[in-house]
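Asks: Sequence lines, in order, name chains A and B.
The numbering of the first sequence is this note's numbering, which starts it at 6 and goes up by one.
The numbering of the second sequence is this note's numbering, which starts it at 133 and goes up by one.
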Amino acid sequence: MRSILDTISAKIRSKRTLNGLKIDEHKVQPLSIDVHSNMIVPYLKVGFAQSIGKQREHNEDSLYVFNTTIISNNILSQFGLYIIADGMGGHQYGEIASNVAVRTLAKGLIKKIYLPILSSLSFPDQNTVEEIFRETVREANREIIHFAPGGGTTLTALLILGSRLTIAHVGDSRSYIIGENGNTKLLTRDHSLVNRLVELGQITNYEAAVHPQRNVLYRALGQGEPFEPDINTTTLTESVYLLLCSDGLWGTLPETEMINTVLASQDLQATCNTLIDAANDAGGSDNISLILIKHSGE
Amino acid sequence: MGAVYRARDLHFPNVTKHVAVKEMIIQTHDPTVRSTIVRNFEREANLLATLDHPSIPRIYDYFTAQNRSYLVLEFINGKDLEAILDEQTVSEEQIVRWAIQICDVLHYLHNHQPEPIIFRDMKPSNVMVNQHDRIILIDFGIAKPFETGQKGTMIGTEGYSPPEQYRGEASQLADIYAFGATLHHILTKQDPRIEPPFSFSERPIRKINPNVSPELEAIVFRALQYNPEERFPNALAMKEALVTLATHKNITTADLENISLVRSDGTTINPYWTFSCTDEVRGSATIYEGTILFGSYDKNLYALDAKSGNLRWSYQCDGGVVSKPIVVDGNVIFGSEDQRLHVVNLRSGRINWTQYTNGPIRSSPYYAEGHIFIGSDDGCLHAINFMTGRTTWQLESGAAIRSTPVVSEDFIFFGNEMGDFYCVDFKSNVKWHFKAKRAITSSPATANHNIFFGSVDGNLYALNNHTGWVNWRLRLGKPTISSPFLLNELLFTGATDGNIYCIDTRSAKIVWRFSTEHQVTGSPIIHKDRLYCGSVDGNFYCLDSHTGKLIWKYKTGGPITATPTAFGDQVYIGSTDHKFYSLSA
Chain A
6 MRSILDTISA
16 KIRSKRTLNG
26 LKIDEHKVQP
36 LSIDVHSNMI
46 VPYLKVGFAQ
56 SIGKQREHNE
66 DSLYVFNTTI
76 ISNNILSQFG
86 LYIIADGMGG
96 HQYGEIASNV
106 AVRTLAKGLI
116 KKIYLPILSS
126 LSFPDQNTVE
136 EIFRETVREA
146 NREIIHFAPG
156 GGTTLTALLI
166 LGSRLTIAHV
176 GDSRSYIIGE
186 NGNTKLLTRD
196 HSLVNRLVEL
206 GQITNYEAAV
216 HPQRNVLYRA
226 LGQGEPFEPD
236 INTTTLTESV
246 YLLLCSDGLW
256 GTLPETEMIN
266 TVLASQDLQA
276 TCNTLIDAAN
286 DAGGSDNISL
296 ILIKHSGE
Chain B
133 MGAVYRARDL
143 HFPNVTKHVA
153 VKEMIIQTHD
163 PTVRSTIVRN
173 FEREANLLAT
183 LDHPSIPRIY
193 DYFTAQNRSY
203 LVLEFINGKD
213 LEAILDEQTV
223 SEEQIVRWAI
233 QICDVLHYLH
243 NHQPEPIIFR
253 DMKPSNVMVN
263 QHDRIILIDF
273 GIAKPFETGQ
283 KGTMIGTEGY
293 SPPEQYRGEA
303 SQLADIYAFG
313 ATLHHILTKQ
323 DPRIEPPFSF
333 SERPIRKINP
343 NVSPELEAIV
353 FRALQYNPEE
363 RFPNALAMKE
373 ALVTLATHKN
383 ITTADLENIS
393 LVRSDGTTIN
403 PYWTFSCTDE
413 VRGSATIYEG
423 TILFGSYDKN
433 LYALDAKSGN
443 LRWSYQCDGG
453 VVSKPIVVDG
463 NVIFGSEDQR
473 LHVVNLRSGR
483 INWTQYTNGP
493 IRSSPYYAEG
503 HIFIGSDDGC
513 LHAINFMTGR
523 TTWQLESGAA
533 IRSTPVVSED
543 FIFFGNEMGD
553 FYCVDFKSNV
563 KWHFKAKRAI
573 TSSPATANHN
583 IFFGSVDGNL
593 YALNNHTGWV
603 NWRLRLGKPT
613 ISSPFLLNEL
623 LFTGATDGNI
633 YCIDTRSAKI
643 VWRFSTEHQV
653 TGSPIIHKDR
663 LYCGSVDGNF
673 YCLDSHTGKL
683 IWKYKTGGPI
693 TATPTAFGDQ
703 VYIGSTDHKF
713 YSLSA
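(1) Can you pull the DSSP bridge partners for Ile335 of chain A?
(2) Suppose contacts are defined by Cβ-Cβ distances below 7 Å. Is Ile264 of chain A in contact with Thr161 of chain A by that definition?
(3) Flag Val602 of chain B as yes if its beta-carbon sits less than 7 Å from any beta-carbon of chain D, otherwise no.
(4) Which same chain residues end up closer than 6 Å to Asp291 of chain A when comparing Cβ atoms and leaving out the 5 residues on each side of it in sequence?
(5) I need the straight-line Cα distance from Ile723 of chain B to Asp552 of chain B, nearest angstrom please.
(6) Looking only at C-alpha atoms, which of B:Glu174, B:Gly511, B:Trp445 sits nearest to Arg200 of chain B?
(7) Inspect the CB distances between the stretch 309-316 of chain B and the stretch 352-364 of chain B and report whether three or more fall short of 8 Å.
(8) Shortest alpha-carbon distance to Gln721 of chain B belongs to which of B:Trp644, B:Val237, B:Pro691, B:Pro696?
(9) Should Glu469 of chain B be labelled buried (16 or more other beta-carbon atoms within 10 Å of its own) or exposed?
(10) Are the beta-carbon atoms of Pro231 of chain A and Ile326 of chain B separated by less than 7 Å?
(11) What are the residues of the stretch 310-344 of chain B that lie near chain A, defined by any Cβ-Cβ distance shorter than 7 Å?
(12) Within 10 angstroms of its Cβ, does Ser167 of chain B collect 16 or more other Cβ (buried), or is it exposed?
(13) Against chain B, does Tyr119 of chain A count as a neighbour if the rule is that its beta carbon must be under 7 Å from one of theirs?
(14) Identify whether Glu206 of chain B lies in helix, strand or coil by the three-state DSSP scheme.
(15) Tell me the rounded alpha-carbon separation between Arg194 of chain A and Arg335 of chain B.
(16) Please classify Gln304 of chain B: is it buried, with 16 or more other beta-carbons within 10 angstroms of its beta-carbon, or exposed?
(17) For Lys456 of chain B and Asn671 of chain B, I'd like the C-alpha separation in whole angstroms.
(18) With distance defined between alpha-carbon atoms, name the residue in B:Ala531, B:Ile516, B:Glu214 nearest to Thr524 of chain B.
(19) Note the first and the last residue of the continuous alpha helix (DSSP H) segment covering Leu217 of chain B.
(20) Select from the stretch 243-261 of chain B all residues with a C-beta closer than 7 Å to any C-beta belonging to chain A, and list them in chain order.
(21) Near Asn64 of chain A, which residues of its chain fall below 6 Å by C-beta distance, leaving aside the five closest residues on each side in sequence?
(22) For Gln702 of chain B, list the residues DSSP reports as bridge partners.
(23) Could you list the residues in the stretch 357-377 of chain B with a C-beta less than 9 Å from some C-beta on chain A, going in chain order?
(24) Please state if the CB of Phe584 of chain B and the CB of Ala594 of chain B are separated by a distance shorter than 7 Å.
(25) Just verifying my parser: in three-state terms, what is the DSSP assignment at Cys674 of chain B?
(26) Please work out which residues of its chain come closer than 6 Å, Cβ to Cβ, to Ser615 of chain B, disregarding the five sequence neighbours upstream and downstream, and give them in chain order.
(27) Put Val539 of chain B into one of helix, strand or coil per three-state DSSP.
(28) Which of the three DSSP states is assigned to Tyr48 of chain A in this structure?
(29) Quick test of your reading: Ile533 of chain B and Ser496 of chain B, contact by CB under 8 Å. State the CB separation rounded to the nearest angstrom.
(30) Identify the contact partners of Tyr298 of chain B in chain A, using a Cβ-Cβ distance below 8 Å as the criterion.
(31) Just how far apart, CA to CA, sit Thr257 of chain A and Gly206 of chain A?
(32) Residues of chain A with a CB under 8 Å from the CB of Glu739 of chain B: which are they?
(33) Nearest to Asp184 of chain B by CA position, among B:Asn243, B:Arg171, B:Arg229, B:Ala197, is which residue?
(34) Express the C-alpha separation of Ser67 of chain A and Ile149 of chain A in angstroms, rounding to a whole number.
(35) Report the neighbours of Leu205 of chain A on chain B: residues whose CB is nearer than 8 Å to its CB, in chain order.
(36) Mapping the DSSP letters down to three states, classify Trp324 of chain A as helix, strand or coil.
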């Protein structure tokens, strides 16, 4: 599928002043149109779903989805922000913690990254996305300590800016990248005691799944300072699915089942619903949240 | 919640006697929780009252008033290790001295009668150093007598805690582990509270701080064993290991001074040959078909036989040559402070043509698409047609360009002394522009759609070469003008903080760093798994590129600001001592 790739550089070329300054086209992606379908590529699509599960009385998971595309002046600019937070504690502070985490992070990132893009289609180059991300996750951590003392939450957030994916992660929610050929990679590392013991070869995966302390996290939001989220950036060059989910999904369904369901997807939303049903059929022992994203690549 | 106050004891009105008053605010209204907190507080007071050791603060009194409880303790005039860690780098000798004292006090606690006491909260912020350089353990809030076989709840500071503490077990071996974790933190400056638990063995000390001796690393790692029975059996055994190291270290310290001209296998480093100029050699050399080419501030470009060091020819300009020459179609191309780009025949050393810019040239040429691209102090990037010697275009950047342009994927990348970084196409159209806070003298390197360079603003930048977006930036200690060298996923560079860094370009994390004794303004190169780099301290270093471990160093007579060149089994470097060296790689 060859597209007419008209890099708009010709149009915006040479606005430079004497100092050779001032030009903004690097801030955006070239726009291309698929001749056959008139569909704009690259595209960004999303589905999501949530369920309380079958055994819990409270839903302590929070979820946030923000999927935008701006096409103006032949310039395509995509911004996606997807967050899942799984509150802990059992009492109401778990719900508050995940709620505060998601809202604080979304508010901060929209304000510091997205609004500058909207106002000028320019990218804030004084701080990298990673730095803003880190700073905002830390802010969320402080807010939780303030508003939900004793409460804690996991937080996994994906931020897509064009073809660049930045992930911030704390706790044991997960994010998978699934290629169309089925190649799957876990983008996050569970900050759980049992995962650590598995990594150290002290226990097996099977022992981890039934370990009495399988819910103990060694890193979570709301648990004091010092605090450091995992932040990573990758470039999405090929068409991929991104699956973001709480342990209510990955802890209940085998990985192969999740991946095969995603690969068979005709419609992202329907796939999300299918996965929720499957997790509930398998017991629904915990709250279940998931977000499924399809990114077309560069 | 609580605080520690410095107070004056008014029972002694005629002298100033300071005491520390530790306050605990009880916030709960639940009477059961409240009485538990008060009981714990009183337990700490009673425990301290039974202890008598120079590394344990004396207790004078305790009392509870309304919802606050207080301990009146000996005032310690000093700082805790966490504060010291933030402010300064502590020598290994100093750390070993402190560690021996900590073993002493742990041994005292663990052998307390009638019952051993487990400190249970060993971490840098609970270890103070007073004005006499004595270690004092503070915060006995959770220390408790050890009752064999009894399970407790999980307390202590995560990150420093041993694995068995998660199972609710705490013995003296838990203190040994937490002490190992404390030493690991001090030696690496990596806070274990933000690293995965029990990950010390994945983060070997010497990989992070190669200045630590292997002996000390081994002691810390024994203390940090996952299985308690593999650690030191007690604090005394650990102390003995440290004392042996201290004794041994007096010998090895002297040995370290003598390493300069000696390889690790004992053979001496001698240059294959040296070549003397009449002024400093600050530029980098190029080797081409057995000829080594380099410029000097004596205004000459020299062509030597790379094997023997014999002069083939020299070419004189009207200004110093710091530009690194390149060879294109039998011609040597370089810039000079005489404002000209020179093109000289490689065989004869005769002039072919020159082209003027409007300022001294300190940048080096880059050849692509039939053109030579070079920066000048006149602020322009010049594109000069190689066949005709005519200027095709010049692009005004606003400040002197000393960084060497690089061409990648049909775009030209370069920085200038105002901190501007440009991506321009072959027709001089600016594709994107990036602004650093201070000068970019460092020449960019490119790989995997990324462009890497350092800046005098103290950052190392990785930009996307299509968009100019910052993929990451890494704050180095000090400004850098060194040009990055890329190998696979690793980046090597120097900085004026005196370090040579190895950085993982995927994660922007420092893999290792090596400290030289002065600024590193030249750039490192890698040749056959070895890193070669000069320093303003005058030494030319050869390091293991995987670990940053010193293999050998060679002392020249002046600061080294040039970048080395390597070919086959020889490595070449110029120095401000006016000499050019060929050493065995």
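Even for Gly, the Cβ is constructed at its ideal location relative to N, Cα and C.
These numbers were taken from a predicted model, which means no experiment stands behind them.
Replies: The relevant details are as follows:
(1) Because chain A spans 6 through 303 in this model, residue 335 of chain A falls outside it and cannot be assessed.
(2) Within the first sequence, residue 264 of chain A is the residue found at index 259, counting from 1. Within the first sequence, residue 161 of chain A is the residue found at index 156, counting from 1. Taking 7 Å as the Cβ cut-off, Ile264 of chain A and Thr161 of chain A do not qualify as a contacting pair.
(3) As a matter of chain content, chain D is missing from the structure shown, whose protein chains are A and B.
(4) Looking up residue 291 of chain A in the first sequence gives position 286. Closer than 6 Å at the Cβ level, and outside the excluded window around Asp291 of chain A, lie Gly58, Gly253.
(5) Given that chain B is displayed from residue 133 to residue 717, the structure contains no residue 723 of chain B and the question cannot be resolved.
(6) Numbered from 1 along the second sequence, position 68 holds the residue referred to as residue 200 of chain B. Among B:Glu174, B:Gly511, B:Trp445, the Cα nearest to that of Arg200 of chain B belongs to B:Glu174.
(7) yes
(8) Chain B is shown only over 133 to 717; residue 721 of chain B falls outside these bounds and no answer can be derived.
(9) For the purposes of this step, residue 469 of chain B is taken as the residue at position 337 of the second sequence. Counting Cβ neighbours within 10 Å, Glu469 of chain B comes out buried, since at least 16 surround it.
(10) Walking along the first sequence from the start, residue 231 of chain A turns up at place 226. Walking along the second sequence from the start, residue 326 of chain B turns up at place 194. For Pro231 of chain A and Ile326 of chain B, yes; Cβs fall inside 7 Å.
(11) Asp323, Arg325, Ile326, Pro328, Pro329, Phe330
(12) Start at 1 with the first residue of the second sequence, and residue 167 of chain B comes out as number 35. Exposed: under 16 other Cβ atoms inside 10 Å.
(13) To locate residue 119 of chain A, count along the first sequence from 1; it is residue 114. No, because no Cβ of chain B sits closer than 7 Å to the Cβ of Tyr119 of chain A.
(14) Looking up residue 206 of chain B in the second sequence gives position 74. If DSSP states are grouped into helix, strand and coil, Glu206 of chain B belongs with the strands.
(15) Counted from its first residue, the first sequence places residue 194 of chain A at position 189. Counted from its first residue, the second sequence places residue 335 of chain B at position 203. Whole-angstrom Cα-Cα distance: 17 Å.
(16) Taking the second sequence and counting its residues from 1, one reaches residue 304 of chain B at position 172. Classification of Gln304 of chain B: buried, given that the 10 Å Cβ count is 16 or more.
(17) The residue you call residue 456 of chain B lines up with position 324 of the second sequence. The residue you call residue 671 of chain B lines up with position 539 of the second sequence. Roughly 21 Å between the two C-alpha positions.
(18) In the second sequence, counting from the first residue as 1, residue 524 of chain B sits at position 392. Checking every option, the nearest Cα to that of Thr524 of chain B belongs to B:Ile516.
(19) As a working mapping, residue 217 of chain B is identified with position 85 in the second sequence. 213-219 is the extent of the alpha helix (DSSP H) around Leu217 of chain B.
(20) none
(21) Within the first sequence, the letter at position 59 stands for residue 64 of chain A. Once the five neighbours on either side are set aside, the close Cβ partners of Asn64 of chain A are Ile57, Asn292.
(22) Position 570 of the second sequence, counted from the first residue, corresponds to residue 702 of chain B. B:Phe699, B:Ser716.
(23) Tyr358
(24) As a first step, residue 594 of chain B is located in the second sequence; it is residue number 462 there, counting from the start. As a first step, residue 584 of chain B is located in the second sequence; it is residue number 452 there, counting from the start. Yes. Within cutoff.
(25) For the purposes of this step, residue 674 of chain B is taken as residue 542 along the second sequence, with counting starting at 1. Note: Cys674 of chain B maps to strand in three-state DSSP.
(26) Position 483 of the second sequence, counting from 1, holds the residue named residue 615 of chain B. Same-chain partners within the cutoff: Ser574, Ser575, Ser655.
(27) Position 407 of the second sequence, counted from the start, is the residue given in the question as residue 539 of chain B. Of the three classes helix, strand and coil, the one that applies to Val539 of chain B here is strand, per DSSP.
(28) Residue numbering aside, residue 48 of chain A sits at position 43 when the first sequence is read from its first letter. Note: Tyr48 of chain A maps to coil in three-state DSSP.
(29) One-based indexing of the second sequence puts residue 533 of chain B at position 401. One-based indexing of the second sequence puts residue 496 of chain B at position 364. With 8 Å as the limit, Ile533 of chain B and Ser496 of chain B do not qualify as a contact, their Cβ atoms being about 11 Å apart.
(30) To locate residue 298 of chain B, count along the second sequence from 1; it is residue 166. Chain A residues near Tyr298 of chain B: Leu198, Gln218, Val221.
(31) Locating residue 257 of chain A in the first sequence gives position 252, where the first residue counts as 1. Locating residue 206 of chain A in the first sequence gives position 201, where the first residue counts as 1. Cα to Cα, Thr257 of chain A sits roughly 23 Å from Gly206 of chain A.
(32) Chain B is shown from 133 up to 717; residue 739 of chain B falls before or after that span and cannot be answered.
(33) Within the second sequence, numbered from 1, the residue matching residue 184 of chain B stands at position 52. That would be B:Asn243, whose Cα lies nearest to the Cα of Asp184 of chain B.
(34) Here residue 149 of chain A is taken as the residue at index 144 of the first sequence, counted from 1. Here residue 67 of chain A is taken as the residue at index 62 of the first sequence, counted from 1. One C-alpha to the other measures close to 14 Å.
(35) As a position in the first sequence, residue 205 of chain A is number 200, starting the count at 1. In chain order: Phe330, Tyr358.
(36) Residue 324 of chain A is absent from the structure shown; chain A starts at 6 and stops at 303.
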